[in-house]
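There are 2 protein chains.
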Amino acid sequence: MPLELSASQALGLWHAVSSGQVKLDGRDLTLRQMAILLEIYLVPPPHTVRGLAAKLSVTKPVITRALDTMGAMGLVTRQRDERDRRNVVIQRTVDGALYLEQLCDLIIDQGRALKP
Amino acid sequence: MPLELSASQALGLWHAVSSGQVKLDGRDLTLRQMAILLEIYLVPPPHTVRGLAAKLSVTKPVITRALDTMGAMGLVTRQRDERDRRNVVIQRTVDGALYLEQLCDLIIDQGRALKP
DNA sequence: CAGCTTCGTTACGCTACCGTATCGGTGAAG
DNA sequence: CTTCACCGATACGGTAGCGTAACGAAGCTG
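Here is the structure:
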């Protein structure tokens, strides 16, 4: 199910959704934080700090800090891996799912409202 | 030309493009900065600080700072309005157009590559 | 056990953004 | 000319991000 977008549709959609996010949601997630959050929720677990860092080509402290921030927002949770206690497993939360659901609705609505 | 997206397509696209931006482009624009940049390039001029602030429901210093940063990156330029010298007109640049063209390609490519 | 690797986290100095408040500069009205 | 309204920029204190480097805890190897 590939998606064929025109240049106008692509940038128009990005514009509408970005503006909508800025106007509606006070939380100002970084592009990196957004990428991390989506990775956690859209890719099957388990997720580790090291794995996320490699997947996004950023350093580990970037992940740790992002998890700190998004954890304080209630969007994710961390838990020690009991099988290898060096690892930390990142887990999803209800609030995080709700947040992405909201984003999803915004994207779909703005896509539907693309002006001709 | 409305665009009908499924939930999976919407979040998948957002995920792929966000990750691509993080990995490929060193510039880490804030969501707000991105919204401002797209507003400047997709909406017919003239653009003023006050107008952008109102359009995005943010304060004026946010716009001034974003223009400082993106100006240093070469993405936009500022110029006094000679007809009413209180105003500042924000203008597009070649580099800014190239940057958005790159983003556009990324969105289109990732949309096309959405996994079934 | 000692030695080494692999985790995630923390420390450090730095830069950039935030919101509020204020500041010059400009235009318009009395 | 004085006064007032408006626009963008700046100052300020606070917060949060960055990259590099070092750290403690946990596993692995011999």
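One line per chain: the protein sequences are A and B, in this order. Under this note's numbering, residues -3 to 112 are what the first sequence spells out, in order. Under this note's numbering, residues -3 to 112 are what the second sequence spells out, in order. Ideal Cβ placement from N, Cα and C applies to all residues, glycine included. These figures come from a predicted structure and were not determined experimentally.
Beta-bridge partners of I86(A) (DSSP): H43(A) and R74(A).
From the beta-carbon of D91(B), no residue of chain A is found nearer than 8 Å; the closest lies around 16 Å away. By the neighbour-count criterion, in which a residue is buried when 16 or more other Cβ atoms sit within 10 angstroms of its Cβ, S15(B) is buried. The C-alpha of A93(A) lies about 46 Å from the C-alpha of R82(B). Here T26(A) is not near V84(A), since their CB atoms are 8 Å or more apart. Flagged as an interface residue toward chain B: E35(A), by a C-beta distance shorter than 8 Å. Look at the beta carbons and you see the segment 43 to 57 of chain B not touching the segment 1 to 11 of chain A: under three pairs across the two are nearer than 8 Å.
Beyond the five residues adjoining it in sequence on each side, R74(A) comes within less than 8 Å, by CB distance, of L63, G67, V84, V85, I86 and Q87 in the same chain, given in chain order.
Residue state for E35(A) is assigned as helix, using DSSP reduced to three classes.
Judged by DSSP secondary structure, G16(A) falls within the alpha helix (DSSP H) whose first and last residues are A3 to L20.
Here the alpha carbons of G70(B) and D91(B) stand approximately 6 Å from one another. The Cβ atoms of I32(A) and L20(A) do not sit closer than 8 Å to each other.
Look at the segment 5 to 17 of chain A: the residues with a C-beta under 8 Å from a C-beta of chain B are Q5, A6, L7, G8, L9, W10, H11, V13, S14, S15 and Q17. Within the same chain, no residue comes within 6 Å of I104(A) by CB-CB distance, once the 5 residues on both sides are set aside. With a threshold of 16 other beta carbon atoms within 10 Å, G107(A) meets it and is buried. In this chain, the alpha helix (DSSP H) harbouring D64(B) covers K56 to A68.
Between the beta-carbon of L110(B) and that of L7(A) there is about 18 Å, and that puts the pair past the 8 Å contact cut. Taking a Cβ-Cβ cut-off of 8 Å, the neighbours of A31(A) in chain B comprise H11, S14, S15, Q17 and V18, given in sequence order. Within the segment 49 to 80 of chain B, the residues whose Cβ lies closer than 8 Å to some Cβ of chain A are K51, L52, S53 and V54, listed in chain order. Taking every protein chain shown into account, the CB of R76(A) has fewer than 16 other CB atoms within 10 angstroms, so this residue is exposed.
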